[in-house]
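These notes concern the structure reproduced below.
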Amino acid sequence: DTLAWDDTAVYELLQRGETVGVFQLESEGMRRTLSAVKPTNFGDIIALVALYRPGPMDNIPLFGARKNGREPIAYPHPLLEGILAETYGIFVYQEQVMQAAQILAGYSLGDADLLRRAMGKKIKAEMDAQRLRFVEGCAKSDIKPAKANELFDLIDKFAGYGFNKSHAAAYALLAYQTA
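Below is the structure:
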C-alpha cells in the first residue's frame with residue numbers, strides 16, 4: 016500500500032488538532048500547536064515533531080508565524096538560506112547545525128559532527144577550540160569575527176537540544192499513518 020502525502024483530509028484533521036490516538040501528536044499541547052501552526056505538508060509534521068520538545072519548543076510560535084506569513088522569514092546569514100528555508104529560517108535539526116558549520120566555516124562532514132557533539136557536551140576547553148576554528152573558517156567565507164561569533168553562539172544555543180531529522184521523520188511517518 017502507498018500513502019498519498021498530500022491527503023487533504025489528513026492535513027485538515029491535523030489543523031483542527033483532532034489527534035487523540037495519533038502517535039506523537041496526541042498531547043493537549045501538541046493538539047494546540049497543530050491548530051496554531053496548521054501543517055500543510057509532511058515537512059511541517061517532521062519539524063513539529065522535532066520542535067515539540069523542552070528546549071526547541073520556544074521556537075514554535077515563530078515557526079508558525081513565519082510559516083503562515085504573519086512574520087517575514089529571516090536568515091541569520093545569507094549563506095544559511097539553503098539550509099534553513101524548509102524550516103522558515105529556524106534551526107530545527109542537528110543536521111542543519113552540521114551543514115551550517117560546513118557552509119559557513121568550511122568544516123568537513125566529520126568535523127561538523129565533532130562540533131555538534133562538542134556543543135552537546137559543553138566542555139569549555141573543547142568549545143573554546145571549536146569557536147576559534149569556526150571563526151577562522153568563517154573568515155575564509157568573508158564573515159567578520161563579530162558575525163562569526165554571533166553565528167557560533169546561535170548554533171551552540173540550538174545544538175544542545177537539536178533533534179535528528181531522520182528520527183523526527185520516522186516519528187512523523189508513523190503520525191501521518193495513524194492520522
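Okay, so the sequence shown: first residue is 16 according to the numbering used here, each after it adds one. A virtual CB, placed ideally from N, CA and C, is assigned to each residue, including glycine.
What span of residues does the alpha helix (DSSP H) with residue i cover, start to end?
i: residue 71; result: Counting along the chain, residue 71 falls outside any alpha helix (DSSP H), and DSSP gives it neither H nor E.
i: residue 97; result: 96 to 99
i: residue 118; result: 109 to 120
Quick one: grab the DSSP three-state call for residue i.
i: residue 191; result: helix
i: residue 91; result: coil
i: residue 103; result: coil
i: residue 181; result: helix
Between the options, which has its C-alpha nearest residue i's C-alpha?
i: residue 174; options: 44, 66, 19, 34; result: 66
i: residue 181; options: 46, 62, 142; result: 62
i: residue 108; options: 32, 119, 84, 74; result: 74
i: residue 149; options: 138, 188, 123; result: 123
Leaving aside the five residues before and after residue i along the sequence, list all residues of the same chain whose C-beta is less than 6 Å from its C-beta, in chain order.
i: residue 86; result: 80
i: residue 171; result: 134
i: residue 57; result: 20
Going along the chain, which residues of its own chain have a beta-carbon closer than 8 Å to the beta-carbon of residue i, five neighbours each way excluded?
i: residue 194; result: 25, 28, 29, 34, 37, 40
Taking 7 Å as the limit between beta carbons, can you name the residues of its chain near residue i, skipping five residues before and five after?
i: residue 104; result: 81, 88, 89, 90
i: residue 195; result: As shown, the chain starts at 16 and ends at 194. That puts residue 195 outside it, with no answer to give.
**Request:** Only counting runs of 4 or more residues, tell me where the alpha helix (DSSP H) segments fall wholly within the segment 126 to 179, in order along the chain.
**Result:** With a minimum length of 4 residues, the continuous alpha helix (DSSP H) runs that stay inside the segment 126 to 179 are 139 to 154, 160 to 174.
**Request:** Note down, one range per segment and in chain order, each beta strand (DSSP E) of at least 3 residues found wholly within the segment 17 to 86.
**Result:** none
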